[in-house]
Amino acid sequence: MSEGPSWARDHWPPDELDDLNAGLDPTRMTIEAVVAKAKDSAAVSGASEAEIERAANDSICAMMLIRTYRVRGHLAADLDPLGLTQREMPADLTPEFHGFTGEGALDRPVWLGGALGLEKGTVREVVEILRRNYCGRVGLEYMHINDLDERRFLQERMEGKHAAITFTPEGKKSILTKVVQAEQWEKFLARKYVGTKRFGLDGGEAMVPALEAVIKYGGQYGIVSMVFGMAHRGRLNVLANVMAKPYRAIFSEFAGGSANPEDVGGSGDVKYHLGTSSDREFDGIKVHLSLVPNPSHLEAVDPVVLGKVRAQQIARGDREGDSVLPVLLHGDAAFAAQGIVSECFGFSGIPGYNTGGCLHFVINNQVGFTTSPQFGRSSPYPSDVAKAVQAPILHVNGDDPEAVTFACKLAIEYRQRFNRDIVIDMWCYRRFGHNEGDEPSFTQPLMYKEIRRHPPISQIYGARLEQEGVIEKGWVEGEVADFTALLETEFEAAMSYLPNKADWFEGAWSGLGRPDEAITERRNVATGCPEELVREVGNILTTIPPDVAVHKTLVRIIDARRAMFESGEGFDWATAEALAFGTLLRENHAVRLSGQDSARGTFSQRHSVWVDQENGAKYIPLTRVGPARFEVRDSPLSEFGVLGFEYGWSIADPQTLVLWEAQFGDFVNGAQVIIDQFIAAGEAKWLRASGLVLLLPHGYEGQGPEHSSGRPERFLQLCADDNMQVANCTTPANYFHILRRQMHRDFRKPLVIMTPKSLLRHKKAVSPLADFTGESHFMRILSDPNPPKGGDVKRLVLCTGKLAYELFEARDKAGDASTSIVRIEQLYPFPGEALLARLKRMTNLEDLVWAQEEPKNQGYWSHVEPRIERRLSEAGLKPKRPIYAGREPAASPATGLAKRHAAEQAALIADALGHSSAPTARRKAG
Ligand SMILES: Cc1ncc(C[n+]2csc(CCOP(=O)(O)OP(=O)(O)O)c2C)c(N)n1
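This note's numbering puts the first residue of the sequence shown at 11, with every later residue one more than the last.
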């Protein structure tokens, strides 16, 4: 954007990149050397013994003073535009505290050995420099960082020749222009849409030129793409003035228009949650920007942004993360209090999850809705959570847009140099209520008295630039008039604005689309593989390289796997899974599996990583399959963060099979926000598809309330509009096919699988080679392997999951020849037509039972009951409704007593099969 009206230009003048290595001063002296120098110098000038000692002591004290400022100077920085924060000068930042007392103390000479760029100075000079560097409008916290290089780098930027915040006159004008635009944008919206919520940036507008600097300097430092995540506050401003979303598009949404063409459907979302993407160019350097849509849940978008960024970095082959930058914008209250923030900081140093540094920008308006900071957090700053990962923190006064821009510039330089997270904490204020219709004086009367008196940033900064002679009187008014005129034109244009197309199947998503018919039926694809491919992959999976010393038990497991390929029989769960991964890799679909202890597998079943018993080196057979990339990651012990991260990956990269595995299915509820807000509803709200797979170990095996249920009922209740798939497979081959199907269709939908525990080693839960090859495919319903002879089914038991095997065993043991047991492998979309076809053949059916292990208020019953009833009615059979066989409603998912579990299980199986005449051991209905 180099032509056009002044608002449309990217005002930033070209800037020479600082040499990253410049400024570090290797000649700095140690304290010992400084003291020696002070003594020498005093001695040369003929000082007495006592005077020599004092000179030495003064230098030591001066160095202590300097160090104290480095550690604590930020406590006296001028940060609060409102001046309401009671921040007294800490005593140890005064020269008196360090022994410089009495008359003339400030004029005493001290040797500094190059610190602060001075060989020698007076105490007064030292204090002046320190106050300027550390107690101005930027306060830096960095002495908690262990790494010396990082500390020295930041020190140089605060103390060295780069310390002064300097911008060229053109740069200053650019900053002011952006401030004007940010302010006028909010004002214009307030005028045109009176009473409409916009969660304005008013009071924090300095963020806009600062983000502009992030893009400009980021581009110069080699960043080609930036992914933004942010909440409500200032979002419309960022969309318009940073992301360059057309003003007319936003106006049209204010007028009730949809963000997407009407025909794409979906629920849509409020405008301050929407995302967008654009390209911005500064000085010929293009940077792609995307803002990820987010729910109201504050900070929930953070891991999604990080996952998306990491996926993009991997797609670019960028292992350091230099080319793609995550930028997260936070509110002060949310940043301090939402636990997901800590989970995300936790990713910053972990292989497989780190993004080479995230830039965090806190819009610290010193209030959260109606809550004042002292009730919103226990720490002095909202940013203290970042110290856990030793991120540097730049506190900055939001009334000084140059200081904020400087902080952003420094942040980018640091991030690109050290590939670590950094935080900017911009102190500002919220000019109006939480939203514009809210009265803030109910709760913060004093603050708002001050705010009403407080001039806007453009006025403060405009006056300063006028005084500096950078702009003439009336310059700001000219900018305001130009920009307002432009907004009026755009406002007119919005009347006839129609979004021309939804952007969701572009770029990495091209070639994919929405399913052209309901995926309920018929959307199966052949996922069987040529036998040769299966054998090739099998060979890699069962060959132990001679130089890898594999644990002897694992050798036996690998031998057993080899025997499966040799005999073509008895493929178990883990081998089927490895085959699904391996064959996809060969078909050029990358695979990423992430979860707690996933490399070995919680149940010691997977063993996707072989650890050399002599040297600890890791051998990962699937990485040898190629050509696509395989990665399996033992994740940090987080659900919310990690699931969000993997979801973020899945929306960026539809050609990778991305799987998240819970340790036990129960733990999935720690990630409920990601499930409700992103996985279930993301496509409907934001037109963002995802092929993410959730593996949730599930099944009633007497392990107690907490290790039994992956809560299928929760997922099933969220199912509508073909938004996702929920399955519980009972054969290794079916698991193999459902995983492969994820990548083999021309659309993507999340897939939730209740995965087994006991079936991992169940003698009957095995598949023959033929079920992986040829025309084989995923079966939504699995037939009875031992159906009643002559097809005379009197009782049909429908179920899902491992219960089937227990029912088979009980039925066969009882010699029951009239009961058929059919497995529903995919619960949603419910395979109603396929069920109907089977029912139609059971003309003598007398009873249809739904059997489940879960209590009646949980599991599948509520989901399947009406669906089965519908098909029974369509089939015109004698039974009109399914009968329930299972545990009675219960508050807790399962009993903790093994005996009671066994009794309950036996009772429900007998019930399901109609074998029990005595009252069952079930508890009474609740
Ligand atoms: C997880 C979550 N809890 C509660 C809310 C309701 N809520 C919306 S904004 C807000 C205050 C946010 O304060 P802060 O983070 O300081 O941002 P600000 O609005 O001041 O910019 C709250 C509590 C929410 N959106 N998300």
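Where a beta carbon is used, it is the ideal one built from N, C-alpha and C, also for glycine.
Regarding residue i and ligand 1, is the C-beta to nearest heavy atom distance less than 7 Å?
i    : result
Q953 : The structure shown has nothing for residue 953, since the chain only spans 11 to 936.
S306 : yes
H283 : no
D90  : no
F379 : yes
R243 : yes
D212 : no
N375 : yes
H444 : yes
D342 : yes
R440 : yes
Determine, using beta carbons only, whether residue i and residue j come nearer to each other than 8 Å.
i    : j    : result
G244 : G285 : no
R440 : N375 : yes
E476 : K483 : yes
S614 : D676 : no
I185 : T415 : yes
I937 : A814 : Nothing about residue 937 can be reported from this structure: the residues present for the chain run from 11 to 936 only.
G626 : H617 : no
Q348 : L316 : no
T666 : V601 : yes
I175 : L126 : no
I554 : V560 : yes
G408 : A346 : no
R167 : L420 : yes
Would you mind sorting residue i into buried or exposed? The rule is 16 or more other CB atoms within 10 Å of its CB.
i    : result
S389 : exposed
L907 : exposed
Q191 : buried
R201 : exposed
K459 : exposed
K773 : exposed
L199 : buried
P411 : buried
V204 : exposed
P742 : buried
Q426 : buried
V54  : exposed
E423 : buried
Between which residues of its own chain and residue i is the CB-CB distance below 7 Å, once the five residues before and five after are set aside?
i    : result
S660 : V668, S700, G701, L702
W195 : N247, A250, N251
E160 : F428
S828 : P798, D802, V803, K804, R805
To the nearest whole angstrom, what separates the beta carbons of residue i and residue j, a pair I think is in contact under 8 Å?
i    : j    : result
H340 : I434 : H340 to I434, Cβ: 10 Å. No contact.
S69  : A43  : Actually they are not in contact, since the Cβ atoms of S69 and A43 sit about 10 Å apart, beyond 8 Å.
V736 : V776 : Not really, about 24 Å apart at Cβ, beyond 8 Å.
F355 : V399 : 5 Å
L882 : L858 : 6 Å
P646 : I360 : 6 Å
Y152 : L140 : Contact flag wrong, Cβ pair sits at about 15 Å.
V237 : V334 : 7 Å
L855 : K812 : No, L855 and K812 are not in contact; Cβ-Cβ is about 25 Å, not under 8 Å.
A638 : N679 : In fact, because the Cβ distance is near 33 Å, the residues do not count as touching under 8 Å.
C71  : G109 : 5 Å
With a threshold of 6 Å on Cβ separation, who are the neighbours of residue i within its own chain once the five nearest residues in sequence on each side are excluded?
i    : result
S306 : none
L603 : V642, L669
V311 : G239, V302, N304
N31  : Confidence at N31 is low in this model, with a pLDDT of 36, below 50, so the placement of that residue should be treated as unreliable; the coordinate-derived value is given next. Nothing meets the Cβ criterion.
L749 : A590
R320 : T365
Could you name the residues of the same chain whose beta carbon sits closer than 8 Å to that of residue i, not counting the 5 residues immediately before and after it, in chain order?
i    : result
S830 : D794, P797, P798, V803, R805, L806, V807, M852
L543 : T593, R596
Answer with yes or no whether the minimum CB distance from residue i to chain D is below 8 Å.
i    : result
A512 : No chain D is present in this structure, which holds just one protein chain.
Any heavy atom of ligand 3 closer than 7 Å to the Cβ of residue i?
i    : result
D644 : Ligand 3 is not part of this structure, which contains only ligand 1.
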